[in-house]
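Line by line, the protein sequences are chains A and B. FYI, the numbering for the first sequence is 31 to 312, going by this note's numbering. FYI, the numbering for the second sequence is 90 to 452, going by this note's numbering. No residue lacks a Cβ here, since even glycine has one placed at the ideal position from N, Cα and C.
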Amino acid sequence: MIAAAAPVRAKRVLPGFTLSLGTTLLYLVLIVLIPIAALILKGAEIGPERFWQIVSSDRAVAAFRITITAAAIATAVNAAYGLLMAWVLVRYDFPGKRLLDALMDVPFALPTAVAGLSLTALFSANGWFGSALEAAGLQVVYTIWGIALAMAFTSVPFVVRTVQPVLEDLDVSLEQAAETLGARPWQIFSRVVFPAILPAWLAGCTTAFARSLGEFGAIVFIAGNLPFQTEIAALLAFIRLEEYDYNGAAAIALVLLGFALVLLVASNLLQNWAARHREAAR
Amino acid sequence: MSITITGMTKRFGQTDVLRGIDLSVAEGELMALLGPSGSGKTTLLKIVAGLEWPDVGGLQVGGQDWLQLAARDRRIGFVFQHYALFPHMSVRDNIAFGLSVRPRAKRPGRAQIAARVDDLLDFLQIAPLADRYPAQLSGGQRQRVALGRALAIQPRVLLLDEPFGALDAAIRRDLRRWLRGVHEATGSTTIFVTHDQEEAFELADRVVVMGEGRIEQIGHADEIHDHPATPFVARFMGATTVLPVTLQAGRALGAGLDLTALPRRALPDGPARLFARPADIRVQPDPNGPWRIDTLSSTGAELRLLLSHPDLPAAEAQMPRRGAPSLARGSAVTLRLEAGSVFSDHRPLPAVPVTPLRKELFK
Numbered sequence: 031m032i033a034a035a036a037p038v039r040a041k042r043v044l045p046g047f048t049l050s051l052g053t054t055l056l057y058l059v060l061i062v063l064i065p066i067a068a069l070i071l072k073g074a075e076i077g078p079e080r081f082w083q084i085v086s087s088d089r090a091v092a093a094f095r096i097t098i099t100a101a102a103i104a105t106a107v108n109a110a111y112g113l114l115m116a117w118v119l120v121r122y123d124f125p126g127k128r129l130l131d132a133l134m135d136v137p138f139a140l141p142t143a144v145a146g147l148s149l150t151a152l153f154s155a156n157g158w159f160g161s162a163l164e165a166a167g168l169q170v171v172y173t174i175w176g177i178a179l180a181m182a183f184t185s186v187p188f189v190v191r192t193v194q195p196v197l198e199d200l201d202v203s204l205e206q207a208a209e210t211l212g213a214r215p216w217q218i219f220s221r222v223v224f225p226a227i228l229p230a231w232l233a234g235c236t237t238a239f240a241r242s243l244g245e246f247g248a249i250v251f252i253a254g255n256l257p258f259q260t261e262i263a264a265l266l267a268f269i270r271l272e273e274y275d276y277n278g279a280a281a282i283a284l285v286l287l288g289f290a291l292v293l294l295v296a297s298n299l300l301q302n303w304a305a306r307h308r309e310a311a312r
Numbered sequence: 090m091s092i093t094i095t096g097m098t099k100r101f102g103q104t105d106v107l108r109g110i111d112l113s114v115a116e117g118e119l120m121a122l123l124g125p126s127g128s129g130k131t132t133l134l135k136i137v138a139g140l141e142w143p144d145v146g147g148l149q150v151g152g153q154d155w156l157q158l159a160a161r162d163r164r165i166g167f168v169f170q171h172y173a174l175f176p177h178m179s180v181r182d183n184i185a186f187g188l189s190v191r192p193r194a195k196r197p198g199r200a201q202i203a204a205r206v207d208d209l210l211d212f213l214q215i216a217p218l219a220d221r222y223p224a225q226l227s228g229g230q231r232q233r234v235a236l237g238r239a240l241a242i243q244p245r246v247l248l249l250d251e252p253f254g255a256l257d258a259a260i261r262r263d264l265r266r267w268l269r270g271v272h273e274a275t276g277s278t279t280i281f282v283t284h285d286q287e288e289a290f291e292l293a294d295r296v297v298v299m300g301e302g303r304i305e306q307i308g309h310a311d312e313i314h315d316h317p318a319t320p321f322v323a324r325f326m327g328a329t330t331v332l333p334v335t336l337q338a339g340r341a342l343g344a345g346l347d348l349t350a351l352p353r354r355a356l357p358d359g360p361a362r363l364f365a366r367p368a369d370i371r372v373q374p375d376p377n378g379p380w381r382i383d384t385l386s387s388t389g390a391e392l393r394l395l396l397s398h399p400d401l402p403a404a405e406a407q408m409p410r411r412g413a414p415s416l417a418r419g420s421a422v423t424l425r426l427e428a429g430s431v432f433s434d435h436r437p438l439p440a441v442p443v444t445p446l447r448k449e450l451f452k
């Protein structure tokens, strides 16, 4: 018989795995899980029939439709712009590059209400852009375009910041290999570079979309908030809350939560898919 | 395709990477660029590939001025040090890449591409791996796929950057022999870069030794080994001991050194330096000898000695343990040089002798 060796515990930097995991879990439960659970419990109180009634009311359906449409427009714009921005930040050197890189985080840092106010000022009928657009017959403020604009502003960093590191890690020799094999620049991009950043790009777009669905502060100033026209779902939930209609608020919030969860799962699946062949690039 | 490089220079910022390279590679030749890191060998290879551009110089390939051609129009096969396989494509798609990106008019049909890929998979003995992804392959397998991808476009010139650098010693040896076979089968003009002498000498028809952006010597293994053209080559070829000697009528003389085994040389009288490899230094026990054994260690097969002399730099010797005289740390010895290269301190270094090509290389 050989005596079993005593298990050797690996040394860790932080004291005690149990303690550090416990702390983080406790925090997560207090800050995130309990509020979400409360929301779900509140929603469950309503009962399925009443829930459906609230959620499928004309005003709620209109609010969801407006929110999703505007978020889709904002995401489409950010998908293109964010990809280009990440490309410029990674592939070119120019004076002020670091400043531009830092500016990309402004939408994260700026209070969204401030963003909403300044966008409204710029695009209102007597603002800098608004007056010019007005002359061309385009109204941004108090339309779905205004909502999309505010959403685009607050969600642009998501695309840039997910694509950027992947593009930075991309081995230059892959592109050189494609070139020596006779590929034209467009072929190198579409067949070598783009497939490599596609999963990150899609994941970035997904989180940008999720963020847009939940945006509130920047939108309420620019949207005009007309029921059935420019009223977003988050605002409708807020209005219900102000009316002491807790069930109505909870039902709408639950639907938004559902959207967000589905999108986050999708984003994570995309990230996993991205890691599928990743190691081979080294 | 024969390759002619003339007067090529290249700077990166303040660093001269290439300081005037003149080199000809014959059609069908397998040539090695050998040198330590920073010698400019990879830069030279990348210039031939069109991935770098020289500041000054000419590059003629098969009579065509390649400095007027982009990399994609040169039709070269380039094998990268870390293979640079496309991670999201299967082995088959990687190999087919070069054919499938051709303009429609020149692109072979789908079936033709598939047939060409199948041929290459068989030729490279990787047919069972056709549907795997690069991440699922070992280093040696990736190397073969990278070579297959490069060969698929029937390159006019094959260029390999440290082709075995990232592999285990045993796999290296196998692949080396295999690559020589591939070269003979395809007959393409091939240049590869390496810092490993053994690899360069075993594989290449001719070896170009590079140091600090210059060509130090071009030749075959024996020549470079026995007659290094410059102190740099002597050192690079393993001469770790450098001793001051005096030249008299072509003979090297040194205090405490038996140099009678060295041949006469056409060098002027005066001070010179002797470069010697450890294995070429014979250590003889002699109670009156001026050298002392400082350290003595055994690797089982060989004895390694560090020797000191009151007035000379330290020397390093190595000999088979079997049949070695009985030596001990601290004992007095004399040194006899079986071989070594002597470079005069006065005259500029002799011109690099150009080795004639082997006849059978010309087709």
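### Task
Return no unless some Cβ of chain B is closer than 7 angstroms to the Cβ of V222(A).
True, the Cβ-Cβ gap to chain B drops below 7 angstroms.
#### Entry: Bridge-paired residues (DSSP) for P360(B)
According to DSSP, P360(B) bridges with T335(B).
### Those residues which DSSP pairs with A404(B) across a bridge
Note: A404(B) sits in a beta bridge opposite L396(B).
### Task
Count the other CB atoms, across all protein chains shown, that sit within 10 Å of the CB of P376(B); report buried if there are 16 or more and exposed otherwise.
Around the beta carbon of P376(B), fewer than 16 other beta carbons lie within 10 angstroms, which makes this residue exposed.
### Query
Within the 7 angstroms Cβ cut-off, does T210(A) reach chain B?
Interface residue, yes.
### Message
For a quick check, are the C-beta atoms of G429(B) and A365(B) less than 7 angstroms apart?
### Response
It is a contact, given that the beta carbons lie within the stated cut-off.
### Query
Who are the neighbours of R161(B) on chain A, taking C-beta pairs under 8 angstroms?
Around R161(B), the beta-carbon contacts reaching into chain A at under 8 angstroms are E209, T210, L211, G212, A213 and R214.
### Task
State the beta-bridge partners of D154(B) as determined by DSSP.
Answer is Q149(B).
### Query
Where does K130(B) sit, in a helix, a strand or coil, going by DSSP?
It is helical.
### Message
Given this structure, state the Cα-to-Cα distance separating G234(A) from A182(A), to the nearest angstrom.
### Response
Roughly 13 angstroms separates the two Cα atoms.
### Task
Flag this pair as yes or no: are the beta carbons of L351(B) and A338(B) separated by less than 7 angstroms?
Against a cut-off of 7 angstroms, the Cβ pair of A338(B) and L351(B) comes out as no contact.
### Query
If A226(A) sits next to V196(A), beta carbons under 8 angstroms apart, how far is it from one beta carbon to the other, in whole angstroms?
That pair is a contact at about 7 angstroms.
#### Entry: Cutoff 7 angstroms: S154(A) Cβ touching any chain B Cβ
No, S154(A) lies away from the interface with chain B (no Cβ there is under 7 angstroms from its Cβ).
### Query
Would you report the Cα separation of L228(A) and Q217(A), rounded to the nearest angstrom?
Spanning the two alpha carbons is a distance of roughly 15 angstroms.
### Query
Taking the C-alpha atoms as reference points, what is the distance between Y172(B) and P257(A)?
Y172(B) and P257(A) have their C-alpha atoms spaced approximately 60 angstroms apart.
### Query
Using a C-beta to C-beta distance shorter than 9 angstroms, which residues of chain B count as neighbours of A92(A)?
The premise fails here: A92(A) is roughly 42 angstroms from chain B at the closest Cβ pair, so nothing lies under 9 angstroms.
### Message
Quick check: is the beta carbon of G187(B) nearer than 7 angstroms to any beta carbon in chain A?
### Response
Yes, because at least one Cβ of chain A sits closer than 7 angstroms to the Cβ of G187(B).
### Query
Around the Cβ of N108(A), are there at least 16 other Cβ atoms within 10 angstroms (buried) or fewer (exposed)?
Buried, by the Cβ-count rule.
### Task
May I have the straight-line CA-CA distance separating P439(B) from V296(B), to the nearest angstrom?
Its pLDDT being 49, under 50, P439(B) is placed unreliably by the model, and the measurement read from it follows with that caveat. So the two alpha carbons sit approximately 19 angstroms from each other.
### Under 7 angstroms (Cβ pairs) to chain B, residues found in the segment 189-204 of chain A
If you check each beta-carbon in the segment 189-204 of chain A against every beta-carbon of chain B, the ones closer than 7 angstroms belong to D201, S203 and L204.
#### Entry: Closest Cα partner of V85(A) within the set S297(A), A151(A), R221(A) and A280(A)
Of the candidates S297(A), A151(A), R221(A) and A280(A), the one whose C-alpha sits nearest the C-alpha of V85(A) is A280(A).
### Segments assigned alpha helix (DSSP H), at least 4 residues, entirely inside the segment 189-231 of chain A
Every alpha helix (DSSP H) of 4 residues or more that sits fully in the segment 189-231 of chain A is shown, in chain order, as 202-210 and 215-218.
### Task
Could you please give the first and the last residue of the uninterrupted alpha helix (DSSP H) stretch that includes M115(A)?
Note, M115(A): alpha helix (DSSP H), D88 to R121.
### Opening and closing residue of the alpha helix (DSSP H) in which R349(B) lies
According to the sequence provided, residue 349(B) is Thr. The question's Arg does not apply to it. Annotation for T349(B): no alpha helix (DSSP H) segment contains it, and DSSP assigns it neither H nor E.
### Task
Determine contact between the segment 317-332 of chain B and the segment 141-154 of chain B, defined as no fewer than three beta-carbon pairs at a distance below 8 angstroms.
Touching, no, given that fewer than three Cβ pairs across the two stretches are closer than 8 angstroms.
### Task
Determine which residues of the segment 169-195 of chain B have a Cβ less than 9 angstroms from any Cβ of chain A, and write them out in chain order.
Result list: F169, Q170, H171, Y172, A173, L174, F175, P176, H177, M178, F186, G187, L188, S189, V190, R191 and P192.
### Task
Determine the contact status of V334(B) and V372(B), defining contact as a CB-CB distance below 7 angstroms.
With respect to V372(B), V334(B) sits apart: the two C-beta atoms are not nearer than 7 angstroms.
### Query
Are there three or more Cβ pairs, one per stretch, closer than 8 angstroms when the segment 116-127 of chain B is compared with the segment 266-282 of chain B?
With a cut-off of 8 angstroms on Cβ pairs, the segment 116-127 of chain B is in contact with the segment 266-282 of chain B, counting three or more such pairs.
### Query
Cβ of L168(A) versus every heavy atom of the ligand NAD: is any distance shorter than 6 angstroms?
As for the ligand NAD, it is missing from this structure, which has no ligand bound.
### Task
Compare the C-alpha of D207(B) against each of E427(B), G152(B) and A219(B) and name the closest.
Nearest C-alpha to D207(B) among E427(B), G152(B) and A219(B): A219(B).
### Task
Return the residue from the list L249(B), N183(B) and V190(B) that minimises the CA-CA distance to L137(B).
Leu is not the amino acid found at residue 137(B); the sequence shown has Val there. Checking every option, the nearest Cα to that of V137(B) belongs to L249(B).
### Task
Could you name the residues of chain B that A226(A) contacts, counting a contact when the two beta carbons are closer than 9 angstroms?
Result: F175, P176 and H177.
### Query
Rounded to a whole number of angstroms, what is the C-alpha to C-alpha distance between R241(A) and E164(A)?
E164(A) has its alpha-carbon roughly 29 angstroms from the corresponding atom of R241(A).
### Query
Do the segment 192-207 of chain A and the segment 166-179 of chain A meet, that is, are 3 or more Cβ pairs less than 8 angstroms apart?
Output reads no: the segment 166-179 of chain A does not touch the segment 192-207 of chain A.
### Message
Pull the bridge partners of E494(B) from the DSSP assignment, please.
### Response
Residue 494(B) falls outside the range modelled here, since chain B spans only 90 to 452, and no answer is possible.
### Task
Under the assumption that V246(B) contacts I165(B) (Cβ atoms under 8 angstroms), give the Cβ distance between them as a whole number of angstroms.
Their Cβ separation, rounded to whole angstroms, is 5 angstroms, which keeps V246(B) and I165(B) in contact under 8 angstroms.
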